[in-house]
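Chains as they are written, first to last, in this note's numbering: chain A, 241 to 672; chain B, 241 to 672.
There are 2 protein chains.
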Amino acid sequence: METPVVRVGIIGAGTVGAALIDLLSDTSRVDALIDAAGSRLELVAVAIRDTTRVRSHIPAHLLVDSAEKIASDPTIDVVVELMGGTSVAHELITTALQRGASVVTANKALLALSGTALSALARDNATDLFYEGAVGGGIPILRALRTSLAGERINRVMGIVNGTTNFILSKMTSEGSEYASVLSEAQSLGYAESDPTADVEGFDAAAKVTILSSLAFGTALDGSAIYREGITKIRLADVEFATRNGYVIKLLGISERVGASAISQRVHPAMVAKGHPLASVAGAFNAVFVEGASSGPLMWLGQGAGGAPTAAAVLGDVVAAARNKVTKRFDVPFSVDTTLGTFPMGELQSAFYITLNVIDRPGVLSAVTSVFGDHDVSIRSMEQSGFGDEAHLMFVTHIAFESDVSATLVDLAKLEVVEEIGSCIRLIGVDG
Amino acid sequence: METPVVRVGIIGAGTVGAALIDLLSDTSRVDALIDAAGSRLELVAVAIRDTTRVRSHIPAHLLVDSAEKIASDPTIDVVVELMGGTSVAHELITTALQRGASVVTANKALLALSGTALSALARDNATDLFYEGAVGGGIPILRALRTSLAGERINRVMGIVNGTTNFILSKMTSEGSEYASVLSEAQSLGYAESDPTADVEGFDAAAKVTILSSLAFGTALDGSAIYREGITKIRLADVEFATRNGYVIKLLGISERVGASAISQRVHPAMVAKGHPLASVAGAFNAVFVEGASSGPLMWLGQGAGGAPTAAAVLGDVVAAARNKVTKRFDVPFSVDTTLGTFPMGELQSAFYITLNVIDRPGVLSAVTSVFGDHDVSIRSMEQSGFGDEAHLMFVTHIAFESDVSATLVDLAKLEVVEEIGSCIRLIGVDG
């Protein structure tokens with residue numbers, strides 16, 4: 241039997257694209273790829289913005305100057321979109337899907353914005369839209385949610401899905417440095433962008449949580465459903481408190497069932513108890529923790545970014561798309577469960593770590609704690625450091641409602657003796 | 241469009257079978273399962289040894305007293321084998337595959353023995369043989385190796401794949417108890433069998449490594465290719481040494497490429513450096529660590545045993561098999577790469593922890609260390625505890641050949657001053 245050929249076009253040859261081209265060009269892997277894909281993957285075109293720039297690793301005859309040519313070329317079976325951005329990429333993916341090509345992308349921002357419609361478009365054209373590389377770099381979590389866990393009732397997905405913030409928080413912990421200095425270091429090492437907003441304010445993590453949530457629960461890919469807090473307000477004192485008390489501060493993306501028919505999606509820093517598997521995920525690693533009703537806790541760990549790991553995930557998608565193409569099949573994408581609502585943030589419950597800078601004078605503690613009590617927020621422990629005008633109070637509460645804690649903070653800010661509300665960080669992996 | 245029906249028969253209703261029946265009978269999950277399987281899963285028969293025993297959770301009309309009836313019934317699309325054993329199960333699976341039924345099993349012993357032939361039989365009959373539940377309980381690692389990582393060049397698979405031994409080693413570490421007393425405790429808690437040989441001597445882990453290796457590398461499912469050591473010789477002193485020196489002792493199953501065309505498969509205890517992701521996998525958890533050429537390190541963590549987690553894995557297979565049935569497709573199983581040889585154990589290199597009980601008299605250390613030197617085994621560190629007739633020496637070597645270390649142990653045993661060779665444990669996650 242002759243081996244069928246699947247023709248692949250790549251749009252964008254940055255670090256991921258270049259690594260993917262290397263993988264597809266590796267002659268030692270040809271047989272293994274044929275075995276895996278049920279076909280020979282033939283790279284036929286690579287679209288880059290400026291074809292006059294020297295690209296030593298890309299054979300010149302593959303270069304085309306128009307991404308549109310690849311999207312619309314009826315002889316290209318699998319279109320790999322690695323250019324990024326949401327506007328042009330959306331058009332190109334739409335063009336490719338409409339003509340029945342399979343599309344592989346790692347474009348999390350586009351998916352968080354338009355993934356629901358694009359998935360439906362893929363289904364309507366009996367083709368595949370795969371995006372393993374969009375979440376967790378090289379970690380094959382999305383296909384697991386789509387396949388192995390498709391029959392499982394998932395209760396919660398919780399991940400460290402942004403390598404930059406995990407690098408910064410890990411460095412603050414290991415080096416005892418303040419946020420600003422670690423951010424500068426991360427920027428000079430290339431681990432953080434010169435404008436780090438997308439990472440440190442949690443936008444990147446939010447897009448990834450939205451994608452995870454759609455596959456775990458059937459929520460629409462809707463970035464506006466997500467509550468978001470970044471790590472810019474984390475202080476060294478918080479990190480030191482965590483270390484002293486058996487926690488590690490992580491930026492978590494969470495999506496979980498709450499009640500009968502509601503999902504809560506959110507991104508925020510959390511004090512993770514050291515015994516929790518996510519607590520030991522350090523540096524630029526990513527991890528996704530899944531709680532299934534039957535499977536119990538599961539965790540996937542791997543490199544969350546970088547050209548080669550992400551290219552490995554993209555290649556896995558290309559292989560799956562090619563195998564489907566030759567068997568004239570496509571994978572049914574997630575479908576939106578319209579019975580699911582968004583659980584109100586204020587009704588969530590958690591234990592909290594809260595810090596206040598107060599003027600240290602008689603009666604302060606009584607005034608402060610009575611505000612907690614007025615809102616039914618019960619205090620589990622309190623530490624004080626400093627004296628006089630620089631007294632710093634650190635509270636850990638019992639499980640309390642978000643809305644009650646918010647109201648507590650509002651009223652605390654009104655106290656004359658409270659100079660500043662410091663941090664307010666949720667605890668994960670602890671009871672009561 | 242009418243929803244197609246896929247008829248499922250289950251052979252064996254022990255803890256996993258009973259949990260699977262519960263999952264298939266959960267009315268709240270019917271729609272989700274239809275979505276996932278592209279069909280309605282109808283449980284039509286459950287074969288148990290003695291149908292007169294009361295099984296409150298199994299509707300009486302489903303019970304049949306003959307497993308053969310389910311294997312050979314042409315109206316049953318997916319046969320789930322959960323009876324265990326290798327002889328009758330082999331016949332039943334063969335019968336089912338030959339008539340084109342899909343087979344789902346968690347029978348690791350049978351797969352390690354006959355998985356190559358059974359996989360070929362499934363392929364020849366254009367049907368599926370799935371066995372996610374056979375390795376790592378609820379952890380969906382096998383499908384990831386078959387799909388997401390199918391295009392990746394994997395260099396090493398290394399796992400904690402036996403929950404009983406991980407429970408025992410974790411307890412020895414946390415409680416400071418000797419092996420024998422922890423084993424008794426594990427037996428009374430039901431975590432270890434009354435005859436614990438399959439677990440503590442590494443047979444169970446070896447079967448799982450053989451399965452992982454076949455999917456990662458295309459090695460034949462051949463239990464005889466694997467080197468095996470259990471945990472029965474681990475002493476509390478070894479565990480305490482590990483704790484003092486930044487290691488955790490784990491029973492590891494390893495399969496890795498060595499050289500151009502050879503694979504080394506082995507099961508043995510190892511001192512795992514605390515920074516390694518496998519070091520924090522405690523208690524009854526399982527984990528599989530995969531090193532891919534592009535993906536870099538990846539790890540899967542989850543509950544390695546138990547009815548519900550394993551049933552979740554089995555259900556994932558049933559869903560995949562059903563989806564394939566209705567689209568008249570099957571997944572190509574692993575094919576054996578006949579170019580791969582078995583790497584000779586003696587030529588492997590590792591750092592070693594070695595203990596000796598010696599008579600403490602002048603010149604002993606010189607005699608002992610000269611034996612190491614004679615075999616080119618270089619000592620990195622040495623600790624001594626006890627004096628006189630009870631002196632206990634603990635060495636850590638630099639990287640050395642297995643064959644040289646074996647020869648060293650043989651010659652050490654010949655020394656008059658050496659009363660006993662204690663432990664010899666490989667180090668993992670350290671250099672030089």
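Ideal Cβ positions, reconstructed from N, Cα and C, are used throughout, including at glycine. Quantities reported herein were computed from a predicted structural model and do not represent experimental measurements.
- Item | Pick from A:Asp629, A:Ser417, A:Pro436, A:Ser464 that is closest to A:Gly403, judged by C-alpha positions | For the residues A:Asp629, A:Ser417, A:Pro436, A:Ser464, the minimum Cα distance to A:Gly403 belongs to A:Pro436.
- Leaving aside the five residues before and after B:Gly252 along the sequence, list all residues of the same chain whose C-beta is less than 6 Å from its C-beta, in chain order. The residues are Leu322, Met323.
- Spell out whether any CB of chain B is found under 8 Å from the CB atom of A:Pro537. Nearest CB-CB separation between A:Pro537 and chain B: below the 8 Å threshold.
- Kindly indicate which three-state DSSP category A:Glu660 falls into: helix, strand or coil? Strand.
- Message: Closer than 8 Å between beta carbons: that is the criterion. Which residues of the region 552 to 572 of chain B meet it against chain A?
- Response: Within the region 552 to 572 of chain B, contact with chain A at the beta-carbon level (separation under 8 Å) is assigned to Ala552, Ala553, Leu555, Gly556, Val558, Val559, Ala560, Thr567, Arg569, Val572.
- Can you give the Cα-Cα distance for B:Gly672 and B:Ile394, rounded to whole angstroms? With a pLDDT of 43 at B:Gly672, under the threshold of 50, the predicted position of this residue should be treated as unreliable, and no value is reported.
- Which residues of chain A have a Cβ atom closer than 9 Å to the Cβ of B:Gln543, listed in chain order? Listed by position along chain A, the residues whose Cβ is nearer than 9 Å to that of B:Gln543 are Ser535, Gly536, Pro537, Leu538.
- Message: Comparing C-alpha positions only, which one of B:Thr292, B:Val512, B:Thr267 sits nearest to B:Ile400?
- Response: It is B:Val512.
- Which term fits A:Pro573, buried or exposed, when burial requires 16 or more other beta carbons within 10 angstroms of its beta carbon? Around the C-beta of A:Pro573, 16 or more other C-beta atoms lie within 10 Å, and the residue is accordingly described as buried.
- Message: Less than 8 Å between CB atoms is the rule here; does B:Gly672 satisfy it with respect to chain A?
- Response: Unreliable placement is indicated for B:Gly672, whose pLDDT of 43 sits below 50; the coordinate value is still reported in the next sentence. At a cut-off of 8 Å between beta carbons, B:Gly672 makes no contact with chain A.
- Are the beta-carbon atoms belonging to A:Thr472 and A:Ala465 less than 8 Å from one another? For A:Thr472 and A:Ala465, no; Cβs fall outside 8 Å.
- Within chain A, the residues that B:Ile379 reaches when beta carbons sit closer than 7 Å: Within 7 Å Cβ-Cβ: Leu538.
- Buried or exposed for A:Gly613, please, with buried defined as at least 16 other CB atoms from any protein chain shown within 10 angstroms of its CB. Burial is judged here by how many other beta carbons sit within 10 angstroms of a residue's own beta carbon; A:Gly613 has fewer than 16 and is exposed.
- Message: Mapping the DSSP letters down to three states, classify B:Val256 as helix, strand or coil.
- Response: Look at B:Val256 here: in three-state DSSP terms it is helix.
- Item | Backbone CA spacing between A:Leu423 and A:Asn485 [nearest angstrom] | About 25 Å.
- Task: Report the rounded CA-to-CA distance for B:Ala362 versus B:Val375, giving the unit in angstroms.
- Result: Near 20 Å, if we compare the C-alpha coordinates of B:Val375 and B:Ala362.
- Message: With distance defined between alpha-carbon atoms, name the residue in B:Ser327, B:His516, B:Ser342 nearest to B:Ile310.
- Response: Closest in C-alpha terms to B:Ile310, from the list B:Ser327, B:His516, B:Ser342, comes B:Ser342.
- Beta bridge counterpart(s) of B:Phe370 as assigned by DSSP: Assignment of beta-bridge partners to B:Phe370 by DSSP yields B:Val344.
- Quick one: what's got a C-beta closer than 6 Å to B:Leu283's C-beta in the same chain, skipping five residues either side? Setting aside the 5 residues that flank it on each side, B:Leu283 is surrounded in the same chain by Val248, Leu264, each with a C-beta closer than 6 Å to its C-beta; the list follows chain order.
- Look up B:Gly532 in the DSSP assignment and give the residues it is bridged to. The secondary-structure analysis by DSSP pairs B:Gly532 across a beta bridge with B:Ile394, B:Gly536.
- Query: Out of curiosity, what's the CA-to-CA distance linking B:Tyr371 and B:Val286?
  - Reply: For B:Tyr371 and B:Val286, the distance between alpha carbons rounds to 19 Å.
- If you count every other CB in all the chains shown that lies within 10 Å of the CB of A:Pro380, and 16 or more means buried, which is it? Residue burial annotation: A:Pro380 is buried, with at least 16 other C-beta atoms found within 10 angstroms of its C-beta.
- By a C-beta neighbour count over all protein chains shown, 10 Å radius and 16 as the cutoff for buried, is A:Gly556 buried or exposed? That one is buried.
- Minimum C-alpha distance to B:Leu476 - residue among B:Glu418, B:Ile494, B:Leu337: In terms of CA proximity to B:Leu476, B:Glu418 leads the group B:Glu418, B:Ile494, B:Leu337.
- Contact under 8 Å by Cβ, A:Thr315 with A:Arg280: Cβ atoms of A:Thr315 and A:Arg280: not closer than 8 Å.
- When DSSP labels each residue in this structure, what does B:Gly249 get in the three-state scheme? Strand.
- Message: Starting from A:Gly603, trace the beta strand (DSSP E) in both directions and tell me its first and last residue.
- Response: For A:Gly603, there is no enclosing beta strand (DSSP E), since its DSSP letter is neither H nor E.
- Please list the segments of the alpha helix (DSSP H) lying wholly inside the region 525 to 593 of chain B, counting only runs of 4 or more residues, in order along the chain. Within the region 525 to 593 of chain B, the runs of alpha helix (DSSP H) at least 4 residues long that lie entirely inside it are, in chain order, 547 to 566.
- Compute the distance between the beta-carbons of B:Gly355 and B:Ala552, then report whether it is under 8 Å. Between B:Gly355 and B:Ala552, the C-beta gap is not smaller than 8 Å, which leaves the two residues out of contact.
- Task: Look up B:Pro509 in the DSSP assignment and give the residues it is bridged to.
- Result: Paired residue(s): B:Leu491.
- Check whether the region 478 to 493 of chain A touches the region 558 to 571 of chain A, taking contact to mean three or more Cβ pairs, one atom from each stretch, closer than 8 Å. No: the two stretches stay apart, fewer than three of their Cβ pairs being nearer than 8 Å.
- Below 7 Å CB to CB, which residues in the same chain sit around B:Ala426 once its five sequence neighbours on both sides are set aside? Contacts found: Thr404, Phe407, Ile408, Ala432.
- Since A:Ile503 and A:Thr582 are thought to touch, with beta carbons under 8 Å apart, how far apart are those beta carbons, to the nearest angstrom? Sure, about 7 Å apart at Cβ, within 8 Å.
- In three-state DSSP terms, what is A:Gly399? For A:Gly399, the secondary structure class from DSSP, reduced to helix, strand or coil, is strand.
- Query: Is the distance from the Cβ of A:Ile619 to the Cβ of A:Ala510 below 8 Å?
  - Reply: Their beta carbons are not under 8 Å apart, which means A:Ile619 does not touch A:Ala510 by this criterion.
- Pairing CB atoms from the region 588 to 596 of chain B with CB atoms from the region 293 to 304 of chain B, are three or more of them under 8 Å? At 8 Å Cβ cutoff, the stretches do not touch.
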